[in-house]
Amino acid sequence: MPSISLIRSYVESRLPGALFSYTPAEPEMIATGIKSLDRTIGGIPKRGLTQICAPAGVSTGRTTLLLSVMQKVTRREESCALVDASDCFDPASAEAAGVDMSRLLWVRCGAGKGMPSLEQAFRASDIIVQNGGFGLIAVDLGNIEERLVRKVPLSTWFRFARVVEKMPTALVFLLSHPAAQSCSALTLHCTVKKSLWHGCKKLSHANFLSGLECEFEIGRSRMRKPPQSIPQRFTATSVWA
């Protein structure tokens with residue numbers, strides 16, 4: 011009966027590296043600028059697909075998080091790409107948040123351009139991912155109907171995840187629900203816990219929104235197992251507060 015060493019030697023000769031234990035390197039992280047979140051997960055991973063989920067039409071801090079990450083990336087003199095499926099990005103807010111607009115590629119999708127917004131967004135994203143050269147690629151599908159996003163096959167998410175694994179890029183999708191499922195390296199769920207108002211309490215029309223107390227829950231994370239389900243809070247302050 012052959013010994014274990016002989017069997018191992020035979021297998022290695024026929025299949026080099028077959029018995030080698032491979033430990034993937036820790037991915038480079040992009041700080042979000044939100045201390046509680048960075049302390050828990052380290053930031054947004056490069057070479058991975060991240061999905062940031064929140065209900066459509068509700069202020070939850072999702073855009074605040076995206077702008078904060080974009081500010082961190084452009085400060086490092088890296089370029090960002092934003093595929094805006096609903097053409098709802100506000101450049102003035104981004105500039106006020108410290109984003110270097112000269113390092114931002116803004117792809118504006120929307121109705122009346124020959125094809126559905128969702129299809130435009132995925133085609134544009136595919137071109138940008140295949141060409142590379144960006145530290146962050148963000149795809150905002152947050153205002154696209156959930157029923158349409160659910161029709162996107164899992165193979166599409168899988169392909170994006172596999173391509174970006176080989177690139178020094180963070181690929182971030184803003185969604186109303188976690189559509190990428192197991193293809194994501196990180197999933198965050200956003201909610202707003204409290205609205206902060208400033209002004210005269212006796213006159214409702216004399217008050218203005220000064221900020222939001224937001225909460226992020228980590229639904230999935232490949233970097234930390236099991237995922238942290240403890241909510242992380244932060245306050246987003248309006249630019250006029």
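Numbering of the sequence shown is given in my numbering, commencing with residue 11 and proceeding in unit increments.
No residue lacks a Cβ here, since even glycine has one placed at the ideal position from N, Cα and C.
Asked: Pair within 8 angstroms by beta-carbon distance, THR60 and ALA180; Found: yes
Asked: Cβ shell of TRP116 (< 7 angstroms), same chain only, five flanking positions each side left out; Found: LEU92, ASP94 and PHE99
Asked: C-alpha distance - PRO65 paired with LEU146, whole-angstrom precision; Found: 23 angstroms
Asked: Range of the contiguous beta strand (DSSP E) that encloses THR60; Found: 58 to 63
Asked: Buried/exposed call for SER192, threshold 16 Cβ in 10 Å; Found: exposed
Asked: C-alpha distance - GLY120 paired with LEU158, whole-angstrom precision; Found: 15 angstroms
Asked: Buried versus exposed call for VAL109 [16 or more other C-beta atoms within 10 Å across all chains shown]; Found: buried
Asked: Nearest-angstrom beta carbon gap, ILE40 and VAL68 [assumed within contact, 8 angstroms]; Found: Going by Cβ atoms, the distance from VAL68 to ILE40 rounds to 25 angstroms, so no, they are not a contact pair.
Asked: Strand pairing of LEU181, partner residues [DSSP]; Found: LEU59 and ILE147
Asked: Assigned exposure category for VAL83 - 16 Cβ within 10 Å defines buried; Found: buried
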